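One structure is given below, encoded as structure tokens.
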Ligand SMILES: [Zn+2]
Ligand SMILES: [Zn+2]
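Numbering (our numbering), first residue to last: 214 to 551.
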């Protein structure tokens with residue numbers, strides 16, 4: 214049996230809409246019929262060949278924000294039935310043997326395999342998922358609104374958890390694209406006071422609408438203005454893919470505050486060890502989230518949907534969406550609807 218898929222035939226070239234063999238549910242796997250798949254900025258890096266798997270899947274299909282229904286259940290799988298609502302996230306599987314995996318921090322496993330990178334992803338009508346890492350979803354969730362939660366949402370949630378925020382504390386969110394807007398909503402629901410920072414006034418408006426109590430435009434005077442504020446932040450999370458926010462993060466953080474890197478920024482930033490000794494600030498990082506964090510963010514989303522501006526597209530529009538994301542012209546998250 215065949216399925217439609219957007220296949221990455223050559224890095225940086227438009228994806229090819231092809232009819233390819235439909236995967237089967239191997240032992241331990243679920244075959245998922247997708248109803249939606251979000252497009253993430255990581256997909257752009259993979260598409261361009263900036264992030265390459267050591268061994269590419271034989272049919273290279275991007276996508277790690279899948280939402281669908283279980284079509285078939287492989288041998289040995291318990292707890293899943295055909296027709297269940299299911300999410301297909303970034304983590305396809307991890308080694309289940311290293312300390313990170315055994316400690317429940319499997320998102321830091323150095324032997325993980327990801328959908329849309331190491332194994333085929335969700336830019337296709339069907340995908341095979343490891344039943345241990347597939348995400349149980351409540352029946353009736355909106356697939357389009359839920360797809361970006363599978364990566365952007367859990368990454369925002371994982372970053373907030375990593376920041377160790379308590380109700381009543383103050384958070385600065387740097388970068389109010391999809392991830393930042395999820396972080397604003399999640400933090401606000403936890404009783405955390407959110408200061409939103411972005412260079413785009415329209416994104417700050419969204420952040421205010423979603424629950425930020427303060428907004429600052431990321432212009433040349435930002436670090437000075439933040440240094441002058443009396444409400445220094447207990448935590449600062451960087452979702453902006455740039456080193457330009459670093460000075461402002463240092464300026465806004467309180468002594469003993471936590472700085473969390475969530476965006477992939479490969480260039481180094483200046484750091485004074487003397488400043489670290491004087492402030493006791495913790496600097497750490499995060500990437501997607503654990504299965505436990507996923508179930509927590511899904512529960513939050515099920516109680517009251519986490520929102521984001523979403524543009525629904527067809528599978529054939531995926532290449533164009535990647536280009537829009539790359540050029541920074543996207544006004545929200547793109548989600549493929551099947
Ligand atoms: Zn992603
Ligand atoms: Zn591991």
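By construction, the Cβ of each residue, glycine as well, lies at the ideal position given by its N, Cα and C atoms.
Values in this document were obtained by computation on a predicted structure and should not be read as measured data.
Is residue i near ligand 2, in the sense that its beta carbon is under 7 Å from a heavy atom of that ligand?
i: residue 503; result: no
i: residue 305; result: no
i: residue 324; result: yes
i: residue 309; result: yes
i: residue 250; result: no
i: residue 509; result: no
i: residue 389; result: no
i: residue 319; result: yes
i: residue 465; result: no
i: residue 314; result: yes
Use the C-beta contact count for residue i: other C-beta atoms within 10 angstroms, 16 or more gives buried, fewer gives exposed.
i: residue 525; result: exposed
i: residue 324; result: exposed
i: residue 499; result: buried
i: residue 533; result: exposed
i: residue 462; result: buried
i: residue 255; result: buried
i: residue 398; result: buried
i: residue 387; result: buried
i: residue 343; result: buried
i: residue 506; result: buried
i: residue 488; result: exposed
i: residue 316; result: exposed
i: residue 292; result: exposed
i: residue 437; result: exposed
i: residue 338; result: buried
i: residue 531; result: buried
i: residue 278; result: buried
i: residue 490; result: exposed
i: residue 527; result: exposed
Got a sec, what are the start and stop residues for the beta strand (DSSP E) residue i sits in?
i: residue 279; result: 279-286
i: residue 233; result: 229-234
i: residue 495; result: 495-498
i: residue 446; result: 446-451
i: residue 471; result: 466-474
i: residue 430; result: 427-430
i: residue 216; result: 215-220
i: residue 482; result: Premise fails: residue 482 is in no beta strand (DSSP E) and is neither H nor E.
Which residues mark the beginning and the end of the alpha helix (DSSP H) in which residue i is found?
i: residue 514; result: 504-516
i: residue 422; result: 414-422
i: residue 524; result: That residue, residue 524, is in no alpha helix (DSSP H); its beta strand (DSSP E) goes 523-526.
i: residue 306; result: Careful: residue 306 lies outside any alpha helix (DSSP H), inside the beta strand (DSSP E) at 304-306.
i: residue 312; result: 312-315
i: residue 254; result: 254-261
i: residue 367; result: 365-375
i: residue 549; result: Not the alpha helix (DSSP H): residue 549 falls in the beta strand (DSSP E), residues 546-550.
From residue i to residue j, what distance separates their C-alpha atoms?
i: residue 340; j: residue 492; result: 48 Å
i: residue 289; j: residue 281; result: 21 Å
i: residue 569; j: residue 359; result: In the structure as shown, the chain begins at 214 and stops at 551. Residue 569 is therefore absent and cannot be evaluated.
i: residue 265; j: residue 435; result: 36 Å
i: residue 558; j: residue 354; result: The requested residue 558 does not occur in the structure, where the chain is confined to residues 214 to 551.
i: residue 334; j: residue 218; result: 10 Å
i: residue 469; j: residue 403; result: 20 Å
i: residue 364; j: residue 441; result: 35 Å
i: residue 361; j: residue 251; result: 5 Å
i: residue 514; j: residue 366; result: 9 Å
i: residue 426; j: residue 232; result: 49 Å
i: residue 273; j: residue 542; result: 26 Å
i: residue 235; j: residue 346; result: 20 Å
i: residue 297; j: residue 242; result: 14 Å
i: residue 454; j: residue 539; result: 12 Å
i: residue 313; j: residue 476; result: 21 Å
i: residue 456; j: residue 330; result: 26 Å
i: residue 422; j: residue 295; result: 39 Å
i: residue 247; j: residue 276; result: 11 Å
i: residue 299; j: residue 287; result: 15 Å
i: residue 322; j: residue 368; result: 15 Å
Taking 7 Å as the cut-off, is the beta-carbon of residue i closer than that to any non-hydrogen atom of ligand 1?
i: residue 258; result: no
i: residue 277; result: yes
i: residue 500; result: no
i: residue 364; result: yes
i: residue 294; result: no
i: residue 540; result: no
i: residue 232; result: no
i: residue 255; result: yes
I'd like to know whether the C-beta of residue i is nearer than 8 Å to at least one C-beta of chain C.
i: residue 300; result: Within the model displayed, chain C is absent; a lone protein chain is all it includes.
Handout entry: Meets three-Cβ-pair contact criterion under 8 Å: the region 371-379 and the region 435-448
Key = yes
Exercise for the section: Check whether the region 423-440 touches the region 400-413, taking contact to mean three or more Cβ pairs, one atom from each stretch, closer than 8 Å. Expected result: With the cut-off at 8 Å, the region 423-440 and the region 400-413 touch.
Practice task
For the region 475-483 and the region 297-308, state whether three or more C-beta atom pairs, one from each stretch, are separated by less than 8 Å.
Solution key: no
Exercise for the section: Could you say if the region 260-280 and the region 219-232 meet the contact criterion of at least three C-beta pairs nearer than 8 Å? Expected result: yes
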